[in-house]
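> My structure is below; once you've seen it, I'll send some questions.
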Ligand SMILES: Cc1cc2nc3c(=O)[nH]c(=O)nc-3n(C[C@H](O)[C@H](O)[C@H](O)COP(=O)(O)O)c2cc1C
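In structure tokens, the structure reads:
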């Protein structure tokens, strides 16, 4: 967003974010770690799996796949996987995001520069579940960055053919809604039956997630 219009949009975003707050984006150094292996404490999603440890006993055809820089989206993803019995998988950036990378007050921070460049396609580590073959329903989660999906999510949706699948985007944010990002992702994917999706806050409860899922009309 190098233009005057871009600066104006950014100024409005900064102002509204200053009012509403970004919520959980003040990370600490440990926040960028990949999802831990499931344990009694960590996973409400015991019916599912984390990063490729596929539970062969499960006949789940649903995948919850997400990117989370500071852990908020991960928490929501775990609740969705728990409610649906889905497999759970974290998209891990090849180059992890440091706190400084995520500094939205700095115009030169990595995240801000990536969001300014609609052609940026940050890479992710190999995904070891077979999305195209094994899943008919895919929840796709991410944080909102500058009103949109992080560019790594563009890399992700452009890497797969979602034909014949039901796709449900979800996001977390300080206050911004999901609409611009879900529109972008659906267009960039070019395939799949995309439902309208939903935005959650860090404090969304498991009950609220269950109610949302029940209303989606999934089989
Ligand atoms: C670079 C950056 C830009 C952000 N831009 C927005 C924004 O435009 N609107 C908003 O409501 N929140 C914004 N946030 C806040 C995050 O969307 C929010 O903290 C989110 O829940 C973080 O999810 P995560 O912990 O899974 O990474 C931004 C955060 C970062 C780091």
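Numbering (this note's numbering), first residue to last: 20 to 238. A virtual CB, placed ideally from N, CA and C, is assigned to each residue, including glycine.
I'd like to check one pair, residue 157 with residue 16: are the Cβ atoms closer than 7 Å?
Residue coverage of the chain in this structure runs from 20 to 238, which leaves residue 16 outside it and unanswerable.
> Say whether the stretch 188-195 touches the stretch 117-134, bearing in mind that this needs 3 or more beta-carbon pairs closer than 8 Å, one atom from each stretch.
no
> Which complete beta strand (DSSP E) runs does the stretch 101-163 hold, if anything under 3 residues is left out?
You should have 106-109 and 156-162.
> I need the straight-line Cα distance from residue 171 to residue 86, nearest angstrom please.
Residue mapping note: residue 171 aligns to position 152 of the chain shown, counting from 1. Residue mapping note: residue 86 aligns to position 67 of the chain shown, counting from 1. The alpha-carbon atoms of residue 171 and residue 86 are separated by roughly 8 Å.
> Considering just the uninterrupted stretch of the alpha helix (DSSP H) at residue 197, what are its terminal residues?
Here the question's residue 197 lines up with position 178 in the chain shown. Looking at the DSSP string, residue 197 is not in any alpha helix (DSSP H), and its letter there is neither H nor E.
> Inspect the CB distances between the stretch 176-187 and the stretch 218-230 and report whether three or more fall short of 8 Å.
no
> Given 6 Å as the limit, tell me if residue 194 has its C-beta closer than that to any heavy atom belonging to ligand 1.
Within the chain shown, residue 194 is the residue found at index 175, counting from 1. The answer is yes for residue 194.
> Closer than 8 Å by C-beta to residue 93: which residues in its own chain qualify, once you throw out the five before and the five after it? Chain order, please.
Residue mapping note: residue 93 aligns to position 74 of the chain shown, counting from 1. Cβ neighbours of residue 93 beyond the five flanking positions: 54, 85, 87 and 109.
> Indicate, with yes or no, if ligand 1 has a heavy atom lying under 6 Å from the CB of residue 108.
Indexing the chain shown from 1 puts residue 108 at position 89. Not one heavy atom of ligand 1 lies closer than 6 Å to the C-beta of residue 108.
> Does residue 113 pass the burial test, meaning 16 or more other C-beta atoms within 10 Å, or should it be called exposed?
Translated into positions along the chain shown, residue 113 becomes position 94. Exposed, by the Cβ-count rule.
> In chain order, what residues of the same chain have a beta carbon less than 6 Å from the beta carbon of residue 176, not counting five sequence neighbours either side?
Counted from its first residue, the chain shown places residue 176 at position 157. Here the set comprises 204, 207 and 208.
> What does residue 218 pair with, by DSSP beta-bridge criteria?
The count along the chain shown starts at 1 and reaches residue 218 at position 199. 190, per the DSSP bridge assignment.
> State the CB to CB distance for the pair residue 102 and residue 228, rounded to an integer number of angstroms; the pair is presumed to be in contact (CB under 8 Å).
In the chain shown, residue 102 corresponds to position 83, counting from 1. In the chain shown, residue 228 corresponds to position 209, counting from 1. That belief holds up - the Cβ atoms of residue 102 and residue 228 are roughly 5 Å apart, short of 8 Å.
> Going straight from the alpha carbon of residue 148 to that of residue 104, what length do you get?
Within the chain shown, the letter at position 129 stands for residue 148. Within the chain shown, the letter at position 85 stands for residue 104. Taking the straight line from one Cα to the other gives about 16 Å.
> Residue 216: beta carbon under 6 Å from a heavy atom of ligand 1?
Indexing the chain shown from 1 puts residue 216 at position 197. Answer for residue 216: no, Cβ out of range of ligand 1.
> Tell me, please, which residues DSSP counts as bridged to residue 213.
Within the chain shown, the letter at position 194 stands for residue 213. DSSP output for residue 213 lists 186 as bridge partner(s).
> Mapping DSSP to helix, strand and coil, what is residue 82?
Position 63 of the chain shown, counting from 1, holds the residue named residue 82. In the structure shown, residue 82 sits in a strand (DSSP, three-state: E or B).
> Who are the Cβ neighbours of residue 133 in its own chain at under 6 Å, not counting the five residues just before and after it?
Against the chain shown, residue 133 aligns to sequence position 114. If we look at residue 133 and ignore the five residues flanking it on each side, its Cβ neighbours are 139 and 170.
> Output yes or no for whether 7 Å exceeds the beta carbon distance between residue 164 and residue 199.
The residue you call residue 164 lines up with position 145 of the chain shown. The residue you call residue 199 lines up with position 180 of the chain shown. Result no, Cβ atoms of residue 164 and residue 199 do not sit closer than 7 Å.
> Bridge partners of residue 167, per DSSP?
Locating residue 167 in the chain shown gives position 148, where the first residue counts as 1. BP columns for residue 167 point to 164.
> What is the rounded straight-line gap between the Cα of residue 232 and the Cα of residue 225?
Looking up residue 232 in the chain shown gives position 213. Looking up residue 225 in the chain shown gives position 206. Each residue's alpha carbon lies about 11 Å from the other.
> Quick check: the Cα distance between residue 213 and residue 90, rounded to an integer number of angstroms?
If you number the chain shown from 1, residue 213 lands on position 194. If you number the chain shown from 1, residue 90 lands on position 71. Rounded to the nearest angstrom, the two C-alpha atoms are 25 Å apart.
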